[in-house]
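Working notes for the structure below.
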Ligand code: ATP
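In my numbering, the protein residues as written are 1 to 355.
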């Protein structure tokens with residue numbers, strides 16, 4: 001296992017004429033040894049590019065990558081001691097499940113008894129023991145991908161294990177099971193793991209630290225709680241949560257925000273540069289609908305079991321509130337926001353309240 005340092009990494013696939021030509025903008029980050037990380041962002045934001053830079057499939061246009069302080073920027077993948085699990089299964093159909101798992105170890109000359117013991121551990125942890133002697137060809141895509149996950153985790157001394165959207169082909173009902181198995185494997189084996197996904201549930205359940213990317217840029221690195229409670233960028237607010245954070249344009253005046261002629265009490269005073277576009281963010285969980293506050297126009301109510309999601313508009317902007325299953329929602333409600341859950345943004349970046 002290794003600590004992975006990204007030192008001023010930038011990458012462009014073609015000639016660079018300006019900042020927009022970089023698929024990956026400047027990135028400085030340390031992945032601590034043994035951590036479980038997720039790279040989360042929409043399609044095309046640069047996740048795979050970054051993963052391929054770590055594994056050595058791509059040499060970055062600028063910057064260095066270090067494993068435990070050693071510069072590996074120019075080393076090919078086979079010299080980096082990395083295991084990688086891809087979107088689609090990589091298994092040998094003519095081999096049995098156990099032979100597939102043993103292959104990465106035999107290839108590196110691991111002793112037979114050690115191979116047997118390690119393969120048995122992986123078979124057990126992934127619930128594959130009953131299929132150990134079955135030829136991979138006869139298995140479903142789900143099971144083949146499970147073997148790929150096992151092959152990624154079978155070597156004990158890898159610097160890191162990289163997962164590139166590994167649950168894409170997995171049946172939805174099996175996904176939750178594999179997600180928790182992966183988390184357990186991380187806890188037991190303690191490998192540095194980097195998990196790439198565009199699915200917030202996968203990222204938030206697997207990782208201790210989530211790196212959120214948009215358009216080639218890292219906008220926040222934090223725990224799942226930090227991403228939920230204090231999104232650093234409005235994009236993180238929208239992208240994390242279901243539904244995402246409400247964001248409204250406001251004018252700030254000390255400890256008051258003005259929204260379309262209405263006032264909102266803030267937990268403390270805040271200020272932004274005079275020319276900045278200022279916005280208020282509040283998650284639907286912290287919006288209360290009742291008789292007082294800002295007018296909320298309801299467009300739809302979704303019943304999702306223990307609670308209801310009320311969709312509508314505030315000041316002409318899309319808004320949502322999560323309300324309990326029980327209790328009345330007025331037909332023409334007004335909305336109040338829990339002050340200590342309000343976030344403020346200047347030009348999309350979070351600003352602090354004065355202390
Ligand atoms: P996805 O989830 O769709 O795989 P991603 O977040 O992994 O997306 P990347 O595949 O890293 O994103 O792509 C980042 C940007 O780089 C995109 O604009 C993409 O079009 C571009 N890109 C990726 N690979 C190449 C390539 N080989 N040549 C040119 N441009 C590329």
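For each residue, glycine too, the CB sits at the ideal point set by N, CA and C.
Residue interval of the beta strand (DSSP E) (run including residue i)
i	result
residue 311	307 to 314
residue 286	Here residue 286 belongs to no beta strand (DSSP E), and DSSP marks it neither H nor E.
residue 341	First-last for residue 341: undefined, no H or E at that position.
residue 64	62 to 67
residue 58	Run containing residue 58: none; DSSP gives neither H nor E here.
residue 252	251 to 253
residue 25	24 to 31
residue 281	278 to 282
residue 80	Counting along the chain, residue 80 falls outside any beta strand (DSSP E), and DSSP gives it neither H nor E.
residue 320	317 to 324
Top-ranked residue by Cα proximity to residue i, from the options
i	options	result
residue 278	232, 218, 328, 345	345
residue 375	191, 87, 110	In the structure displayed, the chain extends from 1 to 355; residue 375 sits before or after that span and is not available.
residue 296	35, 275, 259	259
residue 85	77, 164, 63	164
residue 316	299, 304, 307, 39	299
residue 7	72, 47, 38, 42	72
residue 343	230, 109, 60, 114	230
residue 358	208, 9, 2, 282	A query on residue 358 cannot be resolved here, the shown segment of the chain reaching from 1 to 355 and no further.
residue 313	303, 294, 10	294
residue 87	339, 125, 198, 334	198
residue 250	4, 263, 238	263
residue 114	2, 101, 46	101
residue 340	280, 331, 42, 19	280
residue 276	348, 308, 248	348
residue 118	153, 70, 127, 173	153
residue 29	308, 19, 65	65
residue 162	10, 188, 83, 26	83
Opening and closing residue of the alpha helix (DSSP H) in which residue i lies
i	result
residue 47	47 to 55
residue 180	172 to 189
residue 147	141 to 153
residue 103	97 to 106
residue 224	224 to 229
residue 122	112 to 125
residue 202	200 to 206
residue 238	234 to 239
Residue environment, residue i, which counts as buried when at least 16 other CB atoms sit within 10 Å
i	result
residue 195	buried
residue 354	exposed
residue 107	exposed
residue 310	buried
residue 320	buried
residue 157	exposed
residue 112	exposed
residue 47	buried
residue 301	exposed
residue 24	buried
residue 234	buried
residue 173	exposed
residue 236	buried
Same chain, Cβ closer than 6 Å to residue i, neighbours up to 5 away in sequence not counted
i	result
residue 76	56
residue 205	179
residue 12	21, 22, 61
residue 200	240
residue 333	289, 296
Nonlocal neighbours in the same chain, by C-beta distance under 7 Å from residue i, ignoring five residues either side
i	result
residue 210	38, 40, 203, 204, 222, 224, 227
residue 272	252, 278, 346, 351
residue 133	96, 98
residue 68	2, 3
residue 45	213, 214, 215, 216
Neighbourhood of residue i by C-beta distance below 8 Å, restricted to the same chain and skipping five residues each side
i	result
residue 14	21
residue 255	265, 266, 267, 268, 269, 270
residue 103	92, 95, 151
residue 89	141, 144, 145, 147, 148, 169
residue 336	287, 288, 290, 292, 293, 294
Beta carbon nearer than 6 Å to a non-hydrogen atom of ligand 1: Cβ-based neighbours of ligand 1 within the cut-off: 13, 23, 41, 43, 44, 45, 46, 47, 48, 49, 198.
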